[in-house]
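Read the structure below first, then the notes.
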Amino acid sequence: MPRVLVTGAAGFIGYHLCERLLAQGQPVFGLDNLNAYYDVTLKEARLARLQRHPNFRFERVELAEMESMEAFFSRHQPEVVVNLAAQAGVRYSLENPHVYVNSNVVGFVNLLECCRHHSVRHLVFASSSSVYGANTHMPFSVMDRVDHPVSLYAATKKANELMAHTYSHLFRLPVTGLRFFTVYGPWGRPDMAPYLFTKAILEGRPIDVFNEGRMQRDFTYVDDIVEGVMRVMSRPPQPNPHWSSDAPEPNTSSAPYRLYNIGNHQPVELLRFIRVIEECTGHKAQMNLRPAQPGDVLTTYADVSDLTRDTGFQPSTTIEAGLQQFVTWYRDYYAV
Numbered sequence: 139m140p141r142v143l144v145t146g147a148a149g150f151i152g153y154h155l156c157e158r159l160l161a162q163g164q165p166v167f168g169l170d171n172l173n174a175y176y177d178v179t180l181k182e183a184r185l186a187r188l189q190r191h192p193n194f195r196f197e198r199v200e201l202a203e204m205e206s207m208e209a210f211f212s213r214h215q216p217e218v219v220v221n222l223a224a225q226a227g228v229r230y231s232l233e234n235p236h237v238y239v240n241s242n243v244v245g246f247v248n249l250l251e252c253c254r255h256h257s258v259r260h261l262v263f264a265s266s267s268s269v270y271g272a273n274t275h276m277p278f279s280v281m282d283r284v285d286h287p288v289s290l291y292a293a294t295k296k297a298n299e300l301m302a303h304t305y306s307h308l309f310r311l312p313v314t315g316l317r318f319f320t321v322y323g324p325w326g327r328p329d330m331a332p333y334l335f336t337k338a339i340l341e342g343r344p345i346d347v348f349n350e351g352r353m354q355r356d357f358t359y360v361d362d363i364v365e366g367v368m369r370v371m372s373r374p375p376q377p378n379p380h381w382s383s384d385a386p387e388p389n390t391s392s393a394p395y396r397l398y399n400i401g402n403h404q405p406v407e408l409l410r411f412i413r414v415i416e417e418c419t420g421h422k423a424q425m426n427l428r429p430a431q432p433g434d435v436l437t438t439y440a441d442v443s444d445l446t447r448d449t450g451f452q453p454s455t456t457i458e459a460g461l462q463q464f465v466t467w468y469r470d471y472y473a474v
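In this note's numbering, the protein residues as written are 139 to 474.
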């Protein structure tokens with residue numbers, strides 16, 4: 139088995155990916171900086187579960203610290219790298235822009251350099267549906283141009299895609315970028331809607347519903363996301379022999395580079411999403427209907443046909459089943 143490194147291993151998606159790899163007997167190296175963007179005890183609880191596996195090795199490393207990154211790669215020589223470490227959050231990027239540049243730009247360049255100098259076979263990295271920004275043509279396709287981000291977070295993710303292509307072109311580094319669409323599920327982030335809404339509803343507090351609930355999200359259950367990542371990991375991209383510089387496709391290249399959407403292909407209106415949480419919790423939501431916030435995208439909707447064609451990926455979890463799993467986890471974890 140190849141030596142696999144998962145960055146952001148104590149994060150939401152990173153934790154689930156590590157669990158899946160370890161369950162298959164795959165040795166995994168995990169990196170995370172355990173920053174305090176949200177409750178560190180939740181990250182530590184995820185990490186504690188991973189550390190029960192004898193094949194899991196963890197180090198606390200900051201991607202933006204090049205010396206630490208270089209030392210880690212020199213010691214462990216990972217062959218496949220899945221980069222899930224990033225400063226997340228759209229609205230927070232309006233308040234703390236420098237954190238995003240340091241983590242998502244400087245840290246990503248350091249990772250690319252390490253992958254280049256240590257002959258990594260395949261780098262898979264998390265991009266985001268937020269790169270579609272001001273686009274309104276639905277569903278979002280990897281063939282669309284993404285030149286109009288509406289948050290700094292989105293801009294850093296677009297920058298990651300550009301930098302990754304540069305390294306793929308210059309150094310023939312096989313790279314696959316995955317644009318995640320609103321991931322949810324057990325062990326999810328406290329700053330995301332499923333967690334915020336469930337917590338408030340169970341506590342009998344009102345929830346803020348932006349754009350008066352007239353937003354749609356392509357909510358994607360975490361197990362479906364992990365399945366897609368696993369399928370991509372084992373398929374390092376090859377140069378596209380049909381790629382033309384006269385009519386360049388944005389999702390492939392003459393370099394070993396690919397971009398995919400990874401979502402549920404089923405956008406759900408926010409008010410319906412809240413109704414399902416009400417059903418799962420058995421409690422009625424009190425809603426504060428508020429206007430849209432700066433940086434918000436009104437609708438996300440993933441065209442995943444490329445990923446399905448190349449890997450057989452098929453999301454299978456309904457919003458009802460996925461939210462029931464989340465609410466069950468939330469009640470168990472917090473003894474509600």
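For glycine and all other residues, C-beta sits at the position ideal for the given N, C-alpha and C.
The structure displayed is predicted, hence computed values, not measured ones.
Proximity winner among Arg317, His275, Lys337 and Leu188, relative to Gln424 (alpha-carbon distances): To locate residue 424, count along the sequence shown from 1; it is residue 286. Comparing C-alpha distances from Gln424 to each of Arg317, His275, Lys337 and Leu188 shows the shortest one belongs to Lys337.
How would you call Tyr439, buried or exposed, if buried means at least 16 neighbouring beta carbons within 10 angstroms? As a working mapping, residue 439 is identified with position 301 in the sequence shown. That one is buried.
7 Å CB neighbourhood of Ser206 in its chain, flanking five on each side removed: Residue mapping note: residue 206 aligns to position 68 of the sequence shown, counting from 1. Closer than 7 Å at Cβ, skipping near neighbours: Val199 and Glu200.
Drop a sphere of 10 angstroms on the beta-carbon of Met371, count the other beta-carbons inside from all chains shown, and report buried for 16 or more, exposed for fewer. The sequence position of residue 371 within the sequence shown is 233, counting from 1. Buried is the label assigned to Met371, since at least 16 other Cβ atoms lie within 10 Å of its Cβ.
Could you check if Leu311 is buried or exposed, using at least 16 other CB atoms within 10 Å of its CB as the buried criterion? Position 173 of the sequence shown, counted from the start, is the residue given in the question as residue 311. Flag for Leu311 reads buried.
Cross-strand partners of Ser265 (DSSP beta bridge): Taking the first residue of the sequence shown as 1, we reach residue 265 at position 127. According to DSSP, Ser265 bridges with Arg317.
Is the number of C-beta pairs between the region 427-436 and the region 333-350 that are closer than 8 Å three or more? Yes, since at least three Cβ pairs between the region 427-436 and the region 333-350 fall closer than 8 Å, the two stretches touch.
How would you write the range of the alpha helix (DSSP H) that Asp470 sits in, first residue to last? For the purposes of this step, residue 470 is taken as the residue at position 332 of the sequence shown. Ile457 to Tyr472 is the span of the alpha helix (DSSP H), which, as asked, contains Asp470.
Alpha carbon to alpha carbon, what distance is there between Gln404 and Phe335? Start at 1 with the first residue of the sequence shown, and residue 335 comes out as number 197. Start at 1 with the first residue of the sequence shown, and residue 404 comes out as number 266. When only Cα atoms are considered, Phe335 and Gln404 end up about 20 Å apart.
Mind checking whether Met281 and Pro388 have CB atoms under 8 Å apart? Working through the sequence shown from its first residue, we reach residue 281 at position 143. Working through the sequence shown from its first residue, we reach residue 388 at position 250. Yes, Cβ-Cβ distance for Met281 and Pro388 is below 8 Å.
Identity of the residue in Pro453, Thr390 and Pro332 nearest Leu409 by Cα: Taking the first residue of the sequence shown as position 1, residue 409 is located at position 271. Among Pro453, Thr390 and Pro332, the Cα nearest to that of Leu409 is on Pro332.
With H, G and I counted as helix, E and B as strand and the rest as coil, what does DSSP make of Phe210? If you number the sequence shown from 1, residue 210 lands on position 72. In the structure shown, Phe210 sits in a helix (DSSP, three-state: H, G or I).
Please list the terminal residues of the continuous beta strand (DSSP E) segment that includes Phe194. Counted from its first residue, the sequence shown places residue 194 at position 56. Element bounds for Phe194: Phe194 to Arg198.
In the DSSP assignment, find the unbroken alpha helix (DSSP H) run with Leu250 in it and report its ends. Walking along the sequence shown from the start, residue 250 turns up at place 112. Residues Gly245 to His255.
For Val435, tell me which candidate among Ala393, Val367 and Val269 has the shortest Cα-Cα distance. Residue numbering aside, residue 435 sits at position 297 when the sequence shown is read from its first letter. Considering only alpha carbons, the answer is Val269.
Going along the chain, which residues of its own chain have a beta-carbon closer than 6 Å to the beta-carbon of Val288, five neighbours each way excluded? Indexing the sequence shown from 1 puts residue 288 at position 150. Taken in chain order, the residues that qualify are Gly271, Ala272 and Gly433.
According to DSSP, Val144 sits in a beta bridge with which residue or residues? Translated into the one-based positions of the sequence shown, residue 144 becomes position 6. BP columns for Val144 point to Gly168 and Val220.
Pull the bridge partners of Leu397 from the DSSP assignment, please. Here residue 397 refers to the residue found at position 259 of the sequence shown. Answer by DSSP bridge pairing, in chain order: Gly315.
Would you call the region 355-365 and the region 447-467 in contact, with 3 or more CB pairs under 8 Å? The region 355-365 vs the region 447-467: in contact.
Beta-carbon spacing of Phe211, Glu197 below 8 Å: Counting from one through the sequence shown, the residue named residue 211 turns up at place 73. Counting from one through the sequence shown, the residue named residue 197 turns up at place 59. By the CB criterion at 8 Å, Phe211 and Glu197 fall outside the cutoff.
Determine, using beta carbons only, whether Arg198 comes closer than 8 Å to chain B. Included in the structure is just one protein chain, with no chain B present.
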